[in-house]
Amino acid sequence: MTHAHEVSDAALATALPARAPSSVPPTDAAPAASDSVGSPWLKLSATAAASAALAACGGGEAEAEAPQALRQADNAPHVPLLGDMGGSGSFRSDQAASRTPTPDELMDWAEMVFPQYFDSHQATITNGALVFRYYSGTRNYLGVYQGNVVVLGPPTNNAVVNVGALASFGEAVFSSGRPLNDPEAARFLLQAGFAATTQDIATVRSIGFDAWLNSQFNAPIGISGWEWLNQRGYATVDNSTAYYDNTYPGDCMIWSQLMTSPDSLRKRVALALSEIFVVSLSGLDFNWRSHAIAHYWDTLVTHSFGNFRNLLQDVSLNPAMGYYLNTRGNQKENAATGRQPDENYAREVMQLMSIGLVMLNIDGTVRRDGTGQPIESYSQSDVTNLARVFTGYDYNQSLNQQGTVPGTTRTIPNTAFTRLSMSLNASLHSNLAVSFLGTNIPANTPGATALAMAMDTLFYHGNVAPFICKQLIQRLVTSNPSPDYVARVATVFNNNGASVRGDLKAVVRAILLDDEARSSAGLTQPGFGKLREPMLRLVQWGRTFNISSAFGSWKIGDTSSAASRLGQSPLRSPSVFNFFRPGYVPPSTALAQAGAVAPEFQLVNESSVGGYLNYMQGVIRNGIYVNAPDVPFNSSNGTNGYDIKALYTHEMVLVVDPDALVARINLLMCAGQLSAATVKLISDAIKATPVTAASTDAVKLNRIAAAIFLVMASAEYLIQK
């Protein structure tokens with residue numbers, strides 16, 4: 001039913017130009033005259049026609065001031081645009097909340113969907129309550145006035161038409177699932193992976209967020225870390241290299257994985273999981289520890305898009321975890337000697353890897369008792385009982401072949417045990433009954449059955465979804481997600497839509513496509529975002545500027561030194577509590593006063609700030625110096641040099657144009673989020689040293705390196721929004 005002050009669908013359709021957008025149904029698909037007004041087809045076609053009307057405005061000269069009619073849009077006739085579309089109101093995802101687009105997002109969308117009418121990106125003009133753009137090529141006006149979307153042009157006889165409330169455009173603006181511009185695509189890529197290259201940005205803009213995620217979900221895993229070590233010769237047994245006793249092969253392995261793997265989303269999620277299910281190479285001290293950490297990494301990679309239940313069990317039986325948290329060799333109680341099962345893993349698997357210390361609501365907020373105190377999620381009795389489940393396990397040596405190290409009498413096993421789940425020796429497993437978290441495992445229950453029951457108890461605990469999901473959000477998107485954001489993702493963890501619990505692929509999708517992650521509102525919110533971890537900054541630089549290892553060695557090494565390197569190195573956490581705690585609050589700061597957390601700031605101190613800057617200054621300009629890159633052994637020979645370097649091909653083209661150079665770096669490294677003031681400071685700084693097309697490559701490289709370094713040293717880069 002059309003009100004007197006509205007333009008009818010039929011009248012609106014007749015006003016459309018001959019060249020209608022492709023979204024308008026073809027005329028031969030029009031309904032018969034007898035079709036009811038309420039028919040689904042008519043609702044859809046009316047929406048499409050109104051969309052076309054939105055795109056068909058035109059007329060008038062460009063003005064700094066809006067046309068008088070556009071500035072007096074209070075009584076503009078109303079053409080309903082999206083009211084009949086229905087739908088879930090989701091933001092690019094069934095699990096995400098709807099929201100009202102900003103005027104800029106609405107107009108960016110119109111430019112993308114209807115380029116024949118809004119022919120190029122135009123600046124936004126604010127005139128009182130009116131926010132609008134003028135398109136000189138097609139002489140069209142599009143604006144937002146007091147919460148309504150208005151157009152002006154010949155199809156409406158130069159009268160203003162109100163095509164609907166801005167709030168009603170949320171589904172249309174966001175349902176395509178494609179970024180509206182390059183910065184939005186880059187921002188998504190920096191949350192979903194390690195870097196945003198120009199090719200990746202173009203791909204996401206072309207196929208959309210969801211399709212890009214699907215391509216990553218379906219991408220081959222590629223060579224495993226364990227196999228990479230073997231291919232590089234790190235399984236060789238000899239006295240001179242002693243790879244079996246060294247940790248540096250593990251460093252080479254993980255840097256190779258992070259810098260080169262094409263399945264960047266999987267590797268990014270695996271790295272996030274490595275900061276929840278912590279095993280540190282620095283804390284391993286047994287034969288073939290580098291192979292062991294490689295297989296542990298491979299386990300996280302394998303389960304990144306799998307089910308949390310399987311991940312939890314495989315981590316529990318992993319030989320690296322067994323050594324790190326003492327389940328390997330853990331034996332049942334002995335009344336004669338007073339021995340009791342080691343409780344280390346039982347405690348940490350609850351506290352850090354599944355349910356946390358206190359009871360949580362679905363949105364991650366703390367549940368409290370009648371006195372306002374947090375309710376503890378487990379007791380010491382729960383720890384003592386659960387520890388019995390993790391007895392009797394040790395390395396699986398069924399495929400071991402003992403060998404003698406040449407030139408010595410020392411015998412060591414081969415690497416096979418490092419990638420086999422630990423095996424159970426029933427005679428060393430506790431037969432006592434287990435009672436924890438409301439589950440009772442009867443006495444004399446076989447070890448494998450007891451383990452499965454314990455894993456199920458943890459997996460189905462109500463805390464798991466909010467506890468794990470909030471940490472994954474913190475690692476990928478923002479340190480302080482809203483309770484609603486946590487609840488939406490936790491709900492997906494509990495049920496992926498197909499009655500499956502613990503589907504990590506669905507969880508990752510929900511995190512990255514949520515309104516809170518994709519909304520531009522976060523860009524202006526001081527509490528949104530996260531400090532970029534130092535190791536991620538190095539990986540981002542490497543992937544962005546196409547670094548390679550000439551000999552394939554990837555001997556970046558242990559970058560844990562805060563004074564001289566990054567103060568952080570992948571898979572080298574200083575303790576089981578990771579490099580930082582998820583609830584860390586920098587003392588005596590505005591964040592503390594606001595009740596916010598900033599986990600990554602636990603890495604920041606005077607030494608680490610200087611160390612990072614000094615390290616990156618040399619790395620960006622020269623590359624990474626490597627000893628003997630042509631051989632696996634970490635020795636010194638005639639090939640010593642900068643084996644790992646960036647390839648600044650595109651930057652060399654722009655080097656004589658400082659503004660263009662900084663704009664490119666801003667897009668790729670910061671998703672275009674540097675302020676105009678910061679951009680000017682950096683541009684002015686690099687202009688101080690003249691560079692021309694005739695300058696040497698070394699001089700050009702100096703300018704490029706300076707620009708990248710100044711960006712990576714800026715506060716606006718260090719905080720990822």
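When the letters of the sequence shown are read in order and numbered with full-length UniProt numbering, they come out as residues 1 to 721.
Where a beta carbon is used, it is the ideal one built from N, C-alpha and C, also for glycine.
None of the values given here were measured: they were computed from a predicted structure.
- Here Asp-515 is buried: its Cβ has 16 or more other Cβ atoms, across all protein chains shown, within 10 Å.
- Counting only residues of its own chain and dropping the five nearest sequence neighbours on each side, Asn-637 has a CB closer than 6 Å to the CB of Ala-628.
- Within the stretch 577 to 658, the complete alpha helix (DSSP H) segments of 4 residues or longer fall at 590 to 593, 606 to 622 and 649 to 654, listed in chain order.
- Judged by DSSP in its simplified three-state form, Leu-424 adopts strand.
- If you look at Thr-126, you'll find it in the beta strand (DSSP E) that goes 125 to 127.
- Put simply, of Val-113, Pro-526, Ala-211 and Leu-531 the residue whose alpha carbon is nearest the alpha carbon of Ala-172 is Val-113.
- Within the stretch 437 to 489, the runs of alpha helix (DSSP H) that reach at least 4 residues and sit entirely inside it are, in chain order, 447 to 459 and 464 to 476.
- Of the candidates Asn-414, Ala-387 and Asn-463, Ala-387 places its Cα closest to the Cα of Asn-431.
- When C-beta atoms of the stretch 598 to 610 are compared with those of the stretch 523 to 537, three or more pairs fall below 8 Å, so the two segments count as touching.
- About 4 Å separates the CB atoms of Thr-100 and Ala-167; that is less than 8 Å, so the two are in contact.
- At a Cβ-Cβ threshold of 8 Å, Gln-397 and Ile-276 do not count as neighbours.
- A buried status is given to Glu-105, since no fewer than 16 other beta-carbon atoms sit within 10 Å of its beta-carbon.
- Non-local C-beta neighbours of Gly-407 in its own chain, meaning closer than 7 Å and more than five positions away in sequence, comprise Asn-239, ordered along the chain.
- Contact between the stretch 427 to 444 and the stretch 257 to 266 is not established, with fewer than three Cβ pairs separated by less than 8 Å.
- Residue burial annotation: Gln-116 is exposed, with fewer than 16 other C-beta atoms found within 10 angstroms of its C-beta.
- Rounded to the nearest angstrom, the Cβ distance from Pro-632 to Gly-329 is 31 Å, too far for a contact under 8 Å.
- When only Cα atoms are considered, Gly-542 and Gly-557 end up about 15 Å apart.
- Your pair Arg-703 and Thr-689 checks out as a contact, with CB atoms roughly 6 Å apart and the cut at 8 Å.
- In the same chain as Asn-480, and ignoring 5 residues on each side of it, the C-beta atoms closer than 7 Å to its own belong to Gly-527, Ala-596 and Val-597, in chain order.
- By alpha-carbon distance to Tyr-244, the top candidate from Pro-103, Asp-210 and Arg-410 is Arg-410.
- Sorting His-303, Ala-715, Ile-644 and Asn-307 by C-alpha distance to the C-alpha of Phe-545 places Ile-644 at the top.
- Looking at the backbone, the Cα of Ser-274 and that of Val-477 are separated by about 16 Å.
- Ranked by how close their Cα comes to the Cα of Thr-491, the residues Gln-474, Cys-469, Ile-473 and Arg-475 have Cys-469 in first place.
- Judged by DSSP secondary structure, Val-679 falls within the alpha helix (DSSP H) whose first and last residues are 676 to 687.
- With the rule of 3 Cβ pairs closer than 8 Å, the stretch 358 to 377 does not count as touching the stretch 415 to 428.
- Contact between the stretch 431 to 448 and the stretch 284 to 302 is absent: fewer than three C-beta pairs spanning the two stretches fall below 8 Å.
- 8 Å or more divides the Cβ of Leu-437 from the Cβ of Thr-418.
- For the stretch 498 to 565, the full-length alpha helix (DSSP H) segments reaching 4 residues or more read 504 to 513, 515 to 518 and 534 to 544 along the chain.
- When secondary structure is reduced to three states using DSSP, Pro-249 falls in the helix class.
- Annotation: Leu-271 is outside any beta strand (DSSP E); the continuous alpha helix (DSSP H) that includes it extends over 264 to 274.
- Distance from Ala-66 to Phe-132 at the Cβ level is roughly 6 Å; contact confirmed, criterion being Cβ atoms closer than 8 Å.
- Approximately 6 Å separates the beta-carbon atoms of Met-453 and Thr-439; this is inside 8 Å, confirming the contact.
- With contacts defined by Cβ atoms closer than 8 Å, Pro-599 and Arg-572 do not form a contacting pair.
- With contacts defined by Cβ atoms closer than 8 Å, Asn-385 and Gly-403 do not form a contacting pair.
- Contact annotation: Thr-391 and Pro-319 have beta-carbon atoms that are not nearer than 8 Å.
- Taking a contact as a CB-CB distance under 8 Å, the pair Thr-198 and Trp-212 does not count as one, their CB atoms being some 15 Å apart.
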